[in-house]
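First the structure, in the form of structure tokens, and then the observations on it.
2 protein chains.
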Amino acid sequence: MNKLKPRGENAATAVDVTDLILNDIQTGVLAPGSWLKQIDLERRYQCTRPEVRRALDRLAQRRLVEHVPNRGYHVFEPDGRQAAEISEIRVLLETGVADKVVANASSLDIQALRSLASRFDRMILEGTPIQLYEANLTFHHRLLSLCGNEELVNLVTEIRQRTSSAPVAQWKTRARIEQSSREHHEMIDAIAAGDAAALRDAITRHIRQN
Amino acid sequence: MNKLKPRGENAATAVDVTDLILNDIQTGVLAPGSWLKQIDLERRYQCTRPEVRRALDRLAQRRLVEHVPNRGYHVFEPDGRQAAEISEIRVLLETGVADKVVANASSLDIQALRSLASRFDRMILEGTPIQLYEANLTFHHRLLSLCGNEELVNLVTEIRQRTSSAPVAQWKTRARIEQSSREHHEMIDAIAAGDAAALRDAITRHIRQN
DNA sequence: TTATCATAAATTGGCGCCAATTTTAGTACC
DNA sequence: GGTACTAAAATTGGCGCCAATTTATGATAA
Numbered sequence: 127m128n129k130l131k132p133r134g135e136n137a138a139t140a141v142d143v144t145d146l147i148l149n150d151i152q153t154g155v156l157a158p159g160s161w162l163k164q165i166d167l168e169r170r171y172q173c174t175r176p177e178v179r180r181a182l183d184r185l186a187q188r189r190l191v192e193h194v195p196n197r198g199y200h201v202f203e204p205d206g207r208q209a210a211e212i213s214e215i216r217v218l219l220e221t222g223v224a225d226k227v228v229a230n231a232s233s234l235d236i237q238a239l240r241s242l243a244s245r246f247d248r249m250i251l252e253g254t255p256i257q258l259y260e261a262n263l264t265f266h267h268r269l270l271s272l273c274g275n276e277e278l279v280n281l282v283t284e285i286r287q288r289t290s291s292a293p294v295a296q297w298k299t300r301a302r303i304e305q306s307s308r309e310h311h312e313m314i315d316a317i318a319a320g321d322a323a324a325l326r327d328a329i330t331r332h333i334r335q336n
Numbered sequence: 127m128n129k130l131k132p133r134g135e136n137a138a139t140a141v142d143v144t145d146l147i148l149n150d151i152q153t154g155v156l157a158p159g160s161w162l163k164q165i166d167l168e169r170r171y172q173c174t175r176p177e178v179r180r181a182l183d184r185l186a187q188r189r190l191v192e193h194v195p196n197r198g199y200h201v202f203e204p205d206g207r208q209a210a211e212i213s214e215i216r217v218l219l220e221t222g223v224a225d226k227v228v229a230n231a232s233s234l235d236i237q238a239l240r241s242l243a244s245r246f247d248r249m250i251l252e253g254t255p256i257q258l259y260e261a262n263l264t265f266h267h268r269l270l271s272l273c274g275n276e277e278l279v280n281l282v283t284e285i286r287q288r289t290s291s292a293p294v295a296q297w298k299t300r301a302r303i304e305q306s307s308r309e310h311h312e313m314i315d316a317i318a319a320g321d322a323a324a325l326r327d328a329i330t331r332h333i334r335q336n
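Each protein sequence line maps, in turn, to chains R and Z.
First residue of the first sequence: 127, per our numbering; consecutive thereafter.
First residue of the second sequence: 127, per our numbering; consecutive thereafter.
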């Protein structure tokens, strides 16, 4: 008598609809401001109505979509003020642990960071915008993890999602992308040199001008 | 033909079950680690099953309760590491805007803060632990609001809820409470003196030793 | 021709039932 | 007397239906 669902289903089926919708918002498939009709989502993600509703409620809690009673949910578009304020929060958190990052970084970590930064560079040329976006996330996640504060890493990951509705489109020009790339390497150099002040400076510029 | 529900019901009925449960967790009525049975909540708050479930899901998203599939939800108890990490995050955010707070504070704001700090002092003697807790929240909220970053205020309010499961019980001794009181006045003095460094120092000590 | 109102279609959101899983209690067996 | 197995009770969680509200459509009158 073999149990088909051992305990948490297989890993592939385990992904929640919330993440699917979230992903489509991040990649810009679901445009900022657009209305998310429950029937459409139901069909698009091949799931039931209650699942859609739970996902929408969760995303509304995380302020990625906005709920208007009896009207439905639409993709949230942060105004300039909110975006600026969130950027400032990121600056505070990420520069605040710069010294910890520098202190904890082993030569192996630095090597890994260089590899991830290079991967970002490669994606500028060869990858899709989504791959570029993900390479960027991976780099920043790896760097921030060095601070040793797991909760902080989670928090930054969460609020980064709120920064721009369609983060894929955040790099408007090619020049801006390449500037980002340079800043990545600049951060690594600062870490390698043990220069926390330089790291803080690079991080601040990097976040503020996105 | 009078409409009994004008647009969003009357303000009293509008409070969500989520807030009710949250409040009972904060005040320690629902003890850390205890299981939240849906039937009990349903009866306790006079609401329907789906309402209970939505509330539990929201609280689980905010990591105030933990969800174990097919077992239910229980009040989350943060371990020492998590509590310490969250405190560090608060230190970074609240000290990070100390200069802004000092810069923006008018004499009227300072007056208001003194009033709120006094209210806290009064609650030590005359109030219930819950009133004391709320007076403390009000004071900190008012102070932090001076930074001008609305998103940051919201964020701190949110993560403060995650710090301790039963925040009412956070002040273990009378001595600790009175120390908190002194630190409140210390913060105000620093603001009045325009001394951002002193404010940062007071905030750091205040958060770390809770 | 355009504005307004009524009717119809579509969408949201609340509620209850039932299946799946877990826990508890009881019983038989070692 | 203790342990393992079985059956029943309790709890969780998924799903579909229907009422309430909103939006779209069309008709009528100015």
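All residues carry an ideal CB built from backbone N, CA and C; glycine is no exception.
Residues of chain Z with a CB under 7 angstroms from the CB of Met222 (chain R): which are they? Within the first sequence, the letter at position 96 stands for residue 222 (chain R). A small fix is needed here, since residue 222 (chain R) is Gly in this sequence, not Met. Those are Leu218 and Gly222, listed as they occur along chain Z.
Leaving aside the five residues before and after Asn136 (chain R) along the sequence, list all residues of the same chain whose C-beta is less than 6 angstroms from its C-beta, in chain order. Position 10 of the first sequence, counted from the first residue, corresponds to residue 136 (chain R). Caution is warranted here: a pLDDT of 37 is assigned to Asn136 (chain R), below 50, making its placement in the model unreliable, and the coordinate value is therefore given only provisionally. Around Asn136 (chain R): no qualifying Cβ.
I'd like the ranges of any alpha helix (DSSP H) spanning at least 4 consecutive residues and lying wholly in the region 172–239 of chain R. 175–187, 206–222 and 224–230
Contact with chain Z by Glu214 (chain R), beta-carbon distance below 8 angstroms: To locate residue 214 (chain R), count along the first sequence from 1; it is residue 88. Output row for Glu214 (chain R): interface = yes.
C-alpha distance - His267 (chain Z) paired with Ile333 (chain Z), whole-angstrom precision: Locating residue 267 (chain Z) in the second sequence gives position 141, where the first residue counts as 1. Locating residue 333 (chain Z) in the second sequence gives position 207, where the first residue counts as 1. Their Cα atoms are separated by approximately 14 angstroms.
Would you call the region 195–211 of chain Z and the region 157–172 of chain Z in contact, with 3 or more CB pairs under 8 angstroms? yes
Return the CA-CA distance between Thr221 (chain Z) and Ala238 (chain Z), expressed in angstroms with no decimal places. Working through the second sequence from its first residue, we reach residue 221 (chain Z) at position 95. Working through the second sequence from its first residue, we reach residue 238 (chain Z) at position 112. The alpha-carbon atoms of Thr221 (chain Z) and Ala238 (chain Z) are separated by roughly 21 angstroms.
Asn136 (chain R) (DSSP reduced to helix, strand or coil): Looking up residue 136 (chain R) in the first sequence gives position 10. For Asn136 (chain R), the pLDDT reaches just 37, beneath the cut-off of 50, and the residue's location in the model is therefore unreliable, although a value from the coordinates is still provided. DSSP places Asn136 (chain R) in coil when its eight states are reduced to three.
Quick one: what does DSSP say Leu162 (chain Z) is sitting in, helix, strand or coil? As a first step, residue 162 (chain Z) must be located in the second sequence, where it is residue number 36. DSSP places Leu162 (chain Z) in strand when its eight states are reduced to three.
Local Cβ density within 10 Å of Gln152 (chain R), reported as buried at 16 or more and exposed below that: Here residue 152 (chain R) refers to the residue found at position 26 of the first sequence. Flag for Gln152 (chain R) reads buried.
Assign Thr144 (chain Z) to buried or exposed, taking buried as 16 or more other Cβ atoms, counted over all protein chains shown, within 10 Å of its Cβ. One-based indexing of the second sequence puts residue 144 (chain Z) at position 18. Thr144 (chain Z) should be labelled buried.
Is there contact between the region 269–286 of chain Z and the region 207–215 of chain R, where contact requires at least three CB pairs shorter than 8 angstroms? yes
Chain Z contact residues for Asp183 (chain R), given Cβ-Cβ distances below 8 angstroms: Along the first sequence, read from residue 1 onward, the residue named residue 183 (chain R) stands at position 57. Result: Arg180, Asp183 and Arg184.
Quick check on Asn149 (chain R) - is its C-beta less than 8 angstroms from some C-beta in chain Z? One-based indexing of the first sequence puts residue 149 (chain R) at position 23. Output row for Asn149 (chain R): interface = no.
DSSP three-state assignment for Gln283 (chain Z), whether helix, strand or coil: By 1-based counting over the second sequence, the position of residue 283 (chain Z) is 157. Residue identity check: residue 283 (chain Z) is Thr in the sequence provided, not Gln. Thr283 (chain Z) falls in the helix class under three-state DSSP.
Closer than 8 angstroms, CB to CB, is Asp142 (chain R) near chain Z or not? For the purposes of this step, residue 142 (chain R) is identified with residue 16 of the first sequence, where counting begins at 1. For Asp142 (chain R), the answer is no, since every Cβ of chain Z falls outside 8 angstroms of its Cβ.
Please confirm if Leu281 (chain R) has its CB atom under 8 angstroms from at least one CB of chain Z. Locating residue 281 (chain R) in the first sequence gives position 155, counting from the first residue. Yes - at least one Cβ of chain Z is within 8 angstroms of the one on Leu281 (chain R).
Just the Cα atoms here: how many angstroms apart are His310 (chain Z) and Val227 (chain Z)? The count along the second sequence starts at 1 and reaches residue 310 (chain Z) at position 184. The count along the second sequence starts at 1 and reaches residue 227 (chain Z) at position 101. So the two alpha carbons sit approximately 14 angstroms from each other.
Please report the distance separating the alpha-carbon of Cys273 (chain R) from that of Met313 (chain Z). As a working mapping, residue 273 (chain R) is identified with position 147 in the first sequence. As a working mapping, residue 313 (chain Z) is identified with position 187 in the second sequence. Looking at the two C-alpha atoms, the distance is approximately 28 angstroms.
Cβ of Glu211 (chain R) within 8 angstroms of any chain Z Cβ: Within the first sequence, the letter at position 85 stands for residue 211 (chain R). True, the Cβ-Cβ gap to chain Z drops below 8 angstroms.
Members of the region 250–281 of chain Z near chain R, C-beta cut-off 7 angstroms: Asn275, Glu276, Glu277, Leu278 and Leu281
Please compile the residues from chain R whose C-beta is within a distance smaller than 7 angstroms of the C-beta of Gln187 (chain Z). Residue 187 (chain Z) sits at position 61 when you count from the first residue of the second sequence. The answer, in chain order, is Arg184 and Gln187.
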